[in-house]
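Asker: Chains as they are written, first to last, in our numbering: chain W, 1 to 265; chain Y, 1001 to 1517; chain C, 2001 to 2144; chain F, 3001 to 3123.
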Amino acid sequence: MNAKVSATIAVIITGAVLLYGVADFPDFGDPTSPANAGVEGGAPSASLHFINESYKETKVPNLVTSVLADYRGYDTMFETVVIFAAGLAIFVILRNLRSDDPLPEPLPATEDRFIDGDHQRIIVGTTCRIAIPLVQIFALYVVAHGHHSPGGGFQGGVMLGASFILVALGGNLRDALARLGEDTFMRLASLGILIYAAFGLVPQFLGRNFLDYGVLEKIFLTDGPEMARSHSMLGVEVGVALTVMSIMFAIFANLSSRGEMRGGL
Amino acid sequence: MADQFPAILVLAPLFGALLLGLVGDRDHRLCLPVVAASLGTSLYAAVGLLRRVLAEGPVNYFLGGWEEPLGIGIVLRADSMNTPVLVLVAAVALLVACFSRRPAGARDSEKSPQYYTLFLLLCTALFGITITADAFNLFVLVEVSALSSYGLVAIGSSRRCKIAALNYLIMGTVGASFYLLGTGYLYLSVGSLSMPDIQTILASNEAAASSRAVRTAFVLMLVGIWIKMAFFPLYGWLPNAYSYCPSATSSLLAPLMTKVSVYVMVRVMTGVFGLDWIFGHLGWNHLVVWFAVVAILAGSILALAQRELKKMLCYLIVAEVGYMVGGAWLGDAGSWGLTGALYHILADGLMTLTLFLAAGIFAKRLGAIEIGDLSGLFRKMPLVSVGFVVAGLAMIGVPPTCGFFSKFYLIRGGIESGQWGYVVALLVSSLVNAVLFFRIFEIAHFGKNPPEGHAHHGESEGEGHEAAIARVAVPAHALAPLLLAAAGIVLLGVFNGPVVDFLRESLPAASAAAPAP
Amino acid sequence: MAEFLWKTIGHHFNFWVYIVLLMLGLWATIAKNNLVKKLMGLSIFQSAIILLYVSIGTKEGATIPILDHHGHIPSESHHADVGPEIAAHGVANPLPHVLMLTAIVVGVATLGVALSLVQAIYRDFGTVEEDELLREIKSLHPDG
Amino acid sequence: MIFSLLGGLLIVAGLVFFFGAALGLLRFPDFYSRMHAAGKGDTLSSLLVVIGFALHELHDFSSFTHDWPTILVILKLSAIVVFIFLTSPTSTSALMDAGWEDGVEPVIEPGRPNVLRDDTEAR
Chain W
1 MNAKVSATIA VIITGAVLLY GVADFPDFGD PTSPANAGVE GGAPSASLHF INESYKETKV
61 PNLVTSVLAD YRGYDTMFET VVIFAAGLAI FVILRNLRSD DPLPEPLPAT EDRFIDGDHQ
121 RIIVGTTCRI AIPLVQIFAL YVVAHGHHSP GGGFQGGVML GASFILVALG GNLRDALARL
181 GEDTFMRLAS LGILIYAAFG LVPQFLGRNF LDYGVLEKIF LTDGPEMARS HSMLGVEVGV
241 ALTVMSIMFA IFANLSSRGE MRGGL
Chain Y
1001 MADQFPAILV LAPLFGALLL GLVGDRDHRL CLPVVAASLG TSLYAAVGLL RRVLAEGPVN
1061 YFLGGWEEPL GIGIVLRADS MNTPVLVLVA AVALLVACFS RRPAGARDSE KSPQYYTLFL
1121 LLCTALFGIT ITADAFNLFV LVEVSALSSY GLVAIGSSRR CKIAALNYLI MGTVGASFYL
1181 LGTGYLYLSV GSLSMPDIQT ILASNEAAAS SRAVRTAFVL MLVGIWIKMA FFPLYGWLPN
1241 AYSYCPSATS SLLAPLMTKV SVYVMVRVMT GVFGLDWIFG HLGWNHLVVW FAVVAILAGS
1301 ILALAQRELK KMLCYLIVAE VGYMVGGAWL GDAGSWGLTG ALYHILADGL MTLTLFLAAG
1361 IFAKRLGAIE IGDLSGLFRK MPLVSVGFVV AGLAMIGVPP TCGFFSKFYL IRGGIESGQW
1421 GYVVALLVSS LVNAVLFFRI FEIAHFGKNP PEGHAHHGES EGEGHEAAIA RVAVPAHALA
1481 PLLLAAAGIV LLGVFNGPVV DFLRESLPAA SAAAPAP
Chain C
2001 MAEFLWKTIG HHFNFWVYIV LLMLGLWATI AKNNLVKKLM GLSIFQSAII LLYVSIGTKE
2061 GATIPILDHH GHIPSESHHA DVGPEIAAHG VANPLPHVLM LTAIVVGVAT LGVALSLVQA
2121 IYRDFGTVEE DELLREIKSL HPDG
Chain F
3001 MIFSLLGGLL IVAGLVFFFG AALGLLRFPD FYSRMHAAGK GDTLSSLLVV IGFALHELHD
3061 FSSFTHDWPT ILVILKLSAI VVFIFLTSPT STSALMDAGW EDGVEPVIEP GRPNVLRDDT
3121 EAR
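(1) Taking any Cβ of chain Y, which residues in the segment 35-50 of chain W have a Cβ under 9 Å from it, in chain order?
(2) May I have the straight-line CA-CA distance separating Y:L1316 from Y:A1097, to the nearest angstrom?
(3) Anything in the segment 1225-1247 of chain Y with a Cβ closer than 9 Å to a Cβ of chain C? List those residues in chain order, please.
(4) Which of helix, strand or coil does DSSP assign to Y:N1433?
(5) Could you check whether the segment 2090-2108 of chain C touches the segment 2059-2069 of chain C, counting it as contact only if at least three pairs of C-beta atoms, one from each stretch, sit closer than 8 Å?
(6) What is the rounded straight-line gap between the Cα of Y:L1220 and the Cα of W:G170?
(7) Going straight from the alpha carbon of Y:H1281 to that of Y:S1210, what length do you get?
(8) Provide the residue span of the alpha helix (DSSP H) that contains Y:L1330, from first to last.
(9) If we count the other Cβ atoms within 10 Å of its Cβ and call it buried at 16 or more, is F:V3082 buried or exposed?
(10) Out of Y:L1436, Y:G1488, Y:A1012 and Y:L1366, which one is the CA nearest neighbour of Y:R1471?
(11) Show which residues of chain Y have a CB atom less than 9 Å away from the CB atom of C:F2045.
(12) What first and last residue would you give for the beta strand (DSSP E) that runs through Y:F1062?
(13) Measuring straight from C-alpha to C-alpha, what distance separates W:G87 and Y:S1204?
(14) Output yes or no for whether 7 Å exceeds the beta carbon distance between W:E79 and C:T2102.
(15) So, is the C-beta of Y:I1278 closer than 7 Å to a C-beta in chain W?
(16) Compare the C-beta of Y:V1288 against all C-beta atoms of chain C and say whether one is closer than 7 Å.
(17) Since I believe Y:V1289 is in contact with Y:W1329 (beta carbons under 8 Å), could you give me their beta-carbon distance rounded to a whole number of angstroms?
(18) With 7 Å as the threshold, decide whether the Cβ of W:Y196 is near any Cβ in chain C.
(19) Determine which residues of the segment 197-217 of chain W have a Cβ less than 7 Å from any Cβ of chain Y, and write them out in chain order.
(20) Run down chain F in chain order and give the residues with a C-beta less than 9 Å from the C-beta of W:V124.
(21) Can you round the beta-carbon distance between Y:S1042 and Y:L1009 to whole angstroms, since I take them to be within the 8 Å contact cut?
(22) State the beta-bridge partners of C:T2063 as determined by DSSP.
(23) Smallest Cα separation from W:A23: which of C:L2026, C:T2029, C:W2016 and C:M2023?
(24) Taking only beta-carbon atoms, is Y:G1422 less than 7 Å away from chain C?
(25) So does the segment 190-198 of chain W actually touch the segment 239-259 of chain W, counting three or more Cβ pairs closer than 8 Å?
(26) Quick check on F:N3114: buried or exposed, where buried means 16 or more other Cβ atoms within 10 Å of its Cβ?
(27) Can you give me the start and stop residues for the alpha helix (DSSP H) that Y:A1341 sits inside?
(28) For chain W, check one thing: does any of its Cβ atoms lie closer than 7 Å to the Cβ of Y:R1051?
(29) Exposed or buried, what is C:L2140 when buried is set at 16 or more other beta-carbons lying within 10 Å of its beta-carbon?
(30) Give the residues of chain F in contact with W:A131, contact being defined as C-beta atoms less than 8 Å apart.
(31) Between the segment 1160-1172 of chain Y and the segment 1240-1258 of chain Y, are three or more C-beta pairs nearer than 8 Å?
(32) Please state whether the Cβ-Cβ distance between Y:G1071 and Y:S1189 is less than 7 Å.
(33) Just to confirm before moving on: does the CB-CB distance between C:M2100 and C:Y2053 stay below 7 Å?
(34) Counting only Cβ-Cβ distances shorter than 8 Å, please list the residues of the segment 2101-2135 of chain C near chain Y, keeping chain order.
(35) Enumerate in chain order the residues of its own chain whose CB-to-CB distance from Y:G1360 is below 6 Å, with the five nearest sequence positions on each side excluded.
(36) For W:G21, decide whether its Cβ has a neighbour in chain Y, counting only Cβ atoms nearer than 7 Å.
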C-alpha cells in the first residue's frame, strides 16, 4: 500500500510538470512549429534542409533512410552497438556454459518427426514451412529497398531474425541452431557493426572525416559523391541487418532455453 | 592523424570490442592485449586532443562531413572542459583493465571475452558521451553505457547481483527516458538538437528562452541525469549495484559512471542552456544547493552506518555527488563553485578508483568484506596500505592531495555566493570522512586477530605480539594500478594550478550571474 | 473559459494522451509488485515518449517523408505546387521518425536484457514477486 | 459506389466480430474458451476488414491500364488476407497446445467428461 501511495504522488508530480510545459507547445500538426520549420536566431531548420536538399545530396528518395544512415549515421551505428551490447549482456546473464544435465536424446530426422497423429506438429510445422521462405525473401526486399520505400536494416533484420525464430517454433531450437549456430550468430553480430564502421573508417584513410561516404566515389567509381553516399547507405543497412538478425535470434534462443541452448521448446 | 583524434578516441575501443566479439572466444589470452592496445590508443588520442586544445582552443569534428548548416549532422566537440575528463576516463579504464586480469570470479571465467567486450563498449560510450555535442546522440551513448554496465554488474556470481542489476536497469531506464523526454520538449521548442545551436537560440530568442516548455525540458533532463548520477533522493540503485558486482566492475563503474554523469549535467548547464539562462530565468538554484546539502549530509551519515567497506564507499559516492551538484549550482560570480565541481570530477575519479581497487584487493586477498576484517592491514600489505591511506586522506581533504584543493575551490565558491549551509555541509562531511577513515586506519594498525585461511604466508614480521601477522603477497598487476592512481591523486593536487586554469578557460567569464540571496 | 480549454486541450489533445499513457506506465513501474508487470509499465512509459516525438513531427495534411523516384514531393500532398518553401510542408518531418527508430531499438534491447534478468532471478529465487524477493534477500548470507 | 457500400458493410461486420471477440476474451470462463473467442473472432474480423478495404479501393476503378496502382494495392491486401488466414489460426492452435502441455485445466460442467484429457490419455 505504501508503495502505491508514494507511486501515485510521484506520478502526479510528474504529470503536473509535464502539463505545465504543454501550454506553450505549438499546435498539433502545425507545419510552422519550431521542430518543423526552425526558429529565429538559430541555424536554418535541419528538418527543412532534409526535405529540400537531401535528395540532391544523397540521391535517396526515402528521407528517413538518408537521415538515419547518412546525416545521423553516427547515432545509428551506436544504435546497432546498443543491440550488440544487449546481446552480450543477455549472454553473460543467462547463458549456462557448464550445464551438468545429460544431453537429450537426438530427435529423428525432420521427415519422421510428424508421426502418430501429433497434429500440433503438423499444423505449426507446415505453416512455418510455408511462411519461412516468404518471410526471408520479403526481409531481403525490405533491406535492399529501404532507399525507396519504408524499410531498412532494422526492419529487415528483425524479419530475418523472426524467420529463424519460426524455424525454432515450427520444429525445435536444435533445428534452428543447426542453421545458425551460437558461434556464428555472435560473430555475425560483431561483423555487422564492423561492416558499418568500415564504411566510416575508409573515408578516414582517404583523408576525410568518419562516415563521410561521399569520398567513396573513388572506390565505387560512381559519377559524383551523391551516388557513393547512396551505395554506402545500402552497405551500412546490410551491416545493421546482420547484427539485428543475429541478436534477435540470440535473445530468443537464450530466453526460450533458459540459457541452455539446446533441446526443444 | 591529429585531425582524426576525436573519432579515434571513440573508435579504438569500439574496434577492440568488435575484434573480441569476432575472435575473442577462440583464445582467451587475446583479450587483455586487445583491451590494453585499444585503451592505450584512446589514451594517446585523448592526450593528443588535450595538447591540441591547449594550443589552438576548442576543436570541432564534423561526422560525415556535414558542416553547413549547423545541426544537420552530428558534431564532436573537444574543449578545455571535456578533454581532462576524456584523459581521466582513458587512464582509469586502462588501469582497471590492468587490474582485472581475472575479472569474473572462478565460476564464470569462461565468459571473460564477453566481459571484456562489454568493458570496451562501456569505455566507447563514456568517451562518446563526453565528447559529443548533440543532445540526442548523448542519449544513445548513455544507453550504450547503461546496457553494457547492466551486463558487467550482472556477471557477478552472487545471487543478489541479478536483483541489484534489475533495479539498476529500471532506474537507469527511467532516468534515460526522462532525459529523452526533456530532449523532446527542447526539440519541440527550439527545433534543434545541436548543443551550440540550442544555446545560441536560447541566448538570442527571448520567446523561446522564456517558454514554459523549455523550462520543463530543463527540469526533465536534469531529473534524468540526477537519477543516472545517484543524486540524493534518487540514489537507491547505486549501493547494491556497486557492492554486489565483481570488484573489477565496481572499480570501473564507481569512478566513471557517476562522474561522467556529473560532467553531463555541467555540460547541459553550460553548453546547452547556458548559465545566464539558468541563473537568470529560473532563480531556484538555491533550492538545488539545499538539496545538495541534504545529499552530502545524508550520504555521510549513511556511510557511517555501514559495516561493509564497499557499501560505505558507495554512500560516500552519494555524498561526493552532492559536493559536485552543489558546486555546479552555487552560481557565484567567479564561477569558483563550477570550477571546483569540474576539478572534483577529476579528483573524485582518482580517489574512488584507488579506494575501490584497494577494496577489491582486500576482498580477494584477505577475504575482507567488512571493515572489521581489516585488522593488521598495514603489516600485511604495506604498499597497498600506502595507496589506501593516500586516497583516504584525499577524501578527508588533507593537503597536498587533490581532495584538499577541490574542497578549497568548492568552499571558496560557497563563501563567494553566500551559501553558508553548503560550506558547513562540506566541513561536516570532511569531519565524517575523517572519522570513517581514521576508524579504518585504527583497525588496520592496531587491530588484532587477523582472519585466517585467506592469507598467503610470506615472510613474517618479527615484532613481539604482532609476529603472527604475515605479509600477504599482492601481485604486481593489482598493485601497480593502485599505486599509479594514488600517485595521480598527489600529482593532481600538486599541479592543481595549471589544471584549474585550463578548466576555467571554458567557463563563461565572471559575469553578473547570480544575484545575492 | 471554453476558449482557454480549447487552447490547452483542443490543439494539444495528442500531448494529453501521451501524458496519461506516461503516467500509467510510470505508476506501474514504481508500484507493481510483479517484476514482469513492472517491465510492462516501463515499456508503456517508453512508448508514451515515442508518441510524443512522433506527434512533434506531424504536419496537417502532410504525407510520409518519401519522395518519388525523381526526388519530387509526391503529388498527392496538398501543397505540392506552391513553391519549394511551402512544398516542404507537404512532407512530414523525418527527423523525429529517425530519432524514434533509435529509441524503439533501445527500448527493445533494454526490455530483452530486463527479461533475461527476470528469468535469471526466477531461476535463482523461484519467484518474481518483489516482496517475496525482499524477504528472500534478508534471509541470505552476505556472501550469497 | 456499389463497391464502396459493399466494402463499408464488410468493415462494419468485421468490427462487430472484433467486438464479439473482445467481449469473449473478457467474459469467458477459462483459457480455452477465451482463446476460442480471440482466435476465431479475430481471424474472421480482420479478414472482413481487409477485404472491405480492398473492395473500397475499387470505388473509382475505370480500367486496368489506367488504375494500375489501385490493382497493386488490392494485390497487396489480398496477400495480407492469405497470410492472416494461414498464420492466425495456427498461432491460436499453438497457444492452445502450449497451454494444455503446461497443465492449464479447462472449466467443465460438473458431470461432463473431460474429453481433452481422455484423448491425451488414449494416446
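The beta carbon of each residue, even a glycine, is placed where N, CA and C say it ideally should be.
Answerer: On the basis of the supplied data:
(1) Those would be A35, N36, A37, G38, V39, E40, G41, G42, A43, P44, S45, A46, S47, H49 and F50, in chain order.
(2) Roughly 24 Å separates the two Cα atoms.
(3) Cβ contacts with chain C come from no residue of the segment 1225-1247 of chain Y.
(4) Helix.
(5) With a cut-off of 8 Å, the segment 2059-2069 of chain C and the segment 2090-2108 of chain C count as touching, because enough Cβ pairs lie within range.
(6) Across the structure, Y:L1220 and W:G170 are spaced so that their CA atoms are roughly 46 Å apart.
(7) Approximately 7 Å between the Cα atoms of the pair.
(8) Y:L1330 -> no alpha helix (DSSP H), and no H or E assigned at all.
(9) Answer is exposed; the Cβ neighbour count stays below 16.
(10) Closest in alpha carbon position to Y:R1471, among Y:L1436, Y:G1488, Y:A1012 and Y:L1366, is Y:L1366.
(11) Residues of chain Y with a Cβ closer than 9 Å to the Cβ of C:F2045 are, in chain order, T1173, V1174 and S1177.
(12) Element bounds for Y:F1062: V1059 to F1062.
(13) C-alpha separation (whole angstroms): 45 Å.
(14) In this structure, C:T2102 lies closer than 7 Å to W:E79 by Cβ.
(15) No, its Cβ sits nowhere closer than 7 Å to a Cβ of chain W.
(16) Chain C, which has no Cβ nearer than 7 Å to the Cβ of Y:V1288, makes this no.
(17) Contact between Y:W1329 and Y:V1289 holds: their C-beta atoms lie close to 5 Å from each other, under 8 Å.
(18) Answer no: the Cβ-Cβ gap between W:Y196 and chain C never drops below 7 Å.
(19) Hits within the stretch, in order: A197, Q204, R208, N209, F210, L211, D212 and G214.
(20) Within 9 Å Cβ-Cβ: T3090, S3091, S3093, A3094 and D3097.
(21) That pair is a contact at about 5 Å.
(22) Residue pairing by DSSP places C:T2063 opposite C:V2091 in a beta bridge.
(23) Selected option, being the one with the closest Cα: C:W2016.
(24) The amino acid occupying residue 1422 of chain Y in the given sequence is Tyr; Gly does not appear at that position. Among the residues facing chain C, Y:Y1422 is not included, as its CB has no counterpart in that chain under 7 Å away.
(25) Contact between the segment 190-198 of chain W and the segment 239-259 of chain W is present, because at least three Cβ pairs lie under 8 Å.
(26) By the neighbour-count rule (16 or more Cβ atoms within 10 Å), F:N3114 is not buried but exposed.
(27) Run containing Y:A1341: W1336 to I1361, per the alpha helix (DSSP H) assignment.
(28) No, Y:R1051 does not count as interfacial toward chain W.
(29) With a 10 Å radius around the Cβ and a threshold of 16 neighbouring Cβ atoms, C:L2140 comes out exposed.
(30) What W:A131 touches in chain F: F3083, L3086 and T3087.
(31) Of all C-beta pairs linking the segment 1160-1172 of chain Y to the segment 1240-1258 of chain Y, three or more are shorter than 8 Å, placing the two stretches in contact.
(32) The answer is no: Cβ separation not under 7 Å.
(33) With respect to the 7 Å criterion, C:M2100 and C:Y2053 are classified as neighbours on the basis of their beta carbons.
(34) Closer than 8 Å at the C-beta level to chain Y, one finds these residues of the segment 2101-2135 of chain C: T2102, A2103, V2106, A2109, T2110, V2113, A2114, L2117, V2118, A2120, I2121, D2124, F2125 and L2133.
(35) For Y:G1360, where only same-chain residues beyond five positions count, the Cβ hits under 6 Å are S1247 and S1251.
(36) With 7 Å as the cut-off, W:G21 counts as an interface residue toward chain Y.
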